[in-house]
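Colleague: Structure provided below as structure tokens; questions to follow.
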Amino acid sequence: MEKNMAENEPLLDLVFATKQLGGNEELLKKMFGKFAEQYADSVQTVRDHVDEKNYDGAKRIIHGIKGVSGNLGLRALQHACRDAEHILLKPDDPTLDSHLAQCIDDFERLLYATLNEIQSYEPGESEEAEAPVVEDSRQAVDEAKSTLLKAIENFQFISPPELKELLGKLQSTSIDVAGLEKAINDLDYTLAKNLLNES
């Protein structure tokens, strides 16, 4: 049943993905490239964790991919991750091994199909993002940091206009704003979190 649910979804919901990025198709292509670079080898890592009965490790990777794929409109892969994650939440289930093996196979097949799909994507014209709104108040800074940390910890996508606005509120702080923006755009959430916490 889980397999059919995933396969009934499109590999790529381009309308949703483009809307998430404020219509910036050049940025979408870049995000697709970063996704491919970061997760192309994830299947073997997940399988290694499962072989070692390290279900928490496998779940962390799949949870991360689920979040990013959902924000990029990679629907079938998102559902495959959700199915695998659901099974991994029940490590004591006697049917775990058989169900998990099927889910990991589905995850692998849909990941590679998704990678092929996004690597063939070519953008049209890009829309410019709105200029950042700069605020200097301590409350605005704290709210911006809190919003960014929550999004990073939950693998939530931040649209370019929202990211520019949030980063604009951090300009008056000691945070490496340029480095933070690059880390977020590169999907390097560990570095982004460290940069925010160092301030």
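If you count by our numbering, then the sequence shown holds residues -13 to 185, one letter each, in order. Glycine residues also receive a C-beta, built at the ideal position from the N, C-alpha and C atoms.
Starting from the C-beta of VAL186, find all residues in its chain whose C-beta is less than 7 Å away, skip the five residues before and the five after it, and write them out in chain order.
Modeller: There is no way to answer for residue 186, as the model of the chain reaches only from -13 to 185.
Colleague: Do VAL1 and ILE90 have their CB atoms nearer than 9 Å?
Modeller: In the sequence shown, counting from the first residue as 1, residue 1 sits at position 15. In the sequence shown, counting from the first residue as 1, residue 90 sits at position 104. Going by C-beta atoms, VAL1 is not nearer than 9 Å to ILE90.
Colleague: Can you tell me where the alpha helix (DSSP H) with GLU148 in it begins and where it stops?
Modeller: As a position in the sequence shown, residue 148 is number 162, starting the count at 1. Here the alpha helix (DSSP H) through GLU148 covers 146 to 154.
Colleague: Taking the continuous alpha helix (DSSP H) assigned at GLY9, which residues delimit it?
Modeller: As a first step, residue 9 is located in the sequence shown; it is residue number 23 there, counting from the start. No alpha helix (DSSP H) holds GLY9; DSSP gives it neither H nor E.
Colleague: Over what stretch of residues does the alpha helix (DSSP H) that includes GLN88 continue unbroken?
Modeller: Counted from its first residue, the sequence shown places residue 88 at position 102. Here the alpha helix (DSSP H) through GLN88 covers 82 to 105.
Colleague: Helix or strand or just coil, what does DSSP make of ASP174?
Modeller: Here residue 174 is taken as the residue at index 188 of the sequence shown, counted from 1. The answer is coil: DSSP assigns ASP174 none of H, G, I, E or B.
Colleague: Can GLY59 and ASP128 be called in contact, C-beta distance under 9 Å?
Modeller: The residue given as residue 59 occupies position 73 in the sequence shown. The residue given as residue 128 occupies position 142 in the sequence shown. The answer is no: Cβ separation not under 9 Å.
Colleague: Nearest to LEU13 by CA position, among LEU181, LEU177, ILE170, is which residue?
Modeller: For the purposes of this step, residue 13 is taken as residue 27 along the sequence shown, with counting starting at 1. Closest by alpha carbon: ILE170.
Colleague: In whole angstroms, what is the alpha-carbon distance linking ALA62 and GLY50?
Modeller: Your numbering for residue 62 matches position 76 in the sequence shown. Your numbering for residue 50 matches position 64 in the sequence shown. Computed Cα separation, rounded: 15 Å.
Colleague: Okay, do the segment 134 to 147 and the segment 21 to 39 touch, 3+ Cβ pairs below 8 Å being the bar?
Modeller: Flag = no, the segment 134 to 147 and the segment 21 to 39 do not touch.
Colleague: LEU7 and PRO146: beta carbons closer than 9 Å?
Modeller: Stepping through the sequence shown from its first residue, residue 7 is reached at position 21. Stepping through the sequence shown from its first residue, residue 146 is reached at position 160. Closer than 9 Å, so yes.
Colleague: On a Cα-Cα basis, can you pick out the residue from THR133, THR159, PHE93 that is closest to GLU148?
Modeller: Working through the sequence shown from its first residue, we reach residue 148 at position 162. When each option's Cα is compared against that of GLU148, the closest is THR133.
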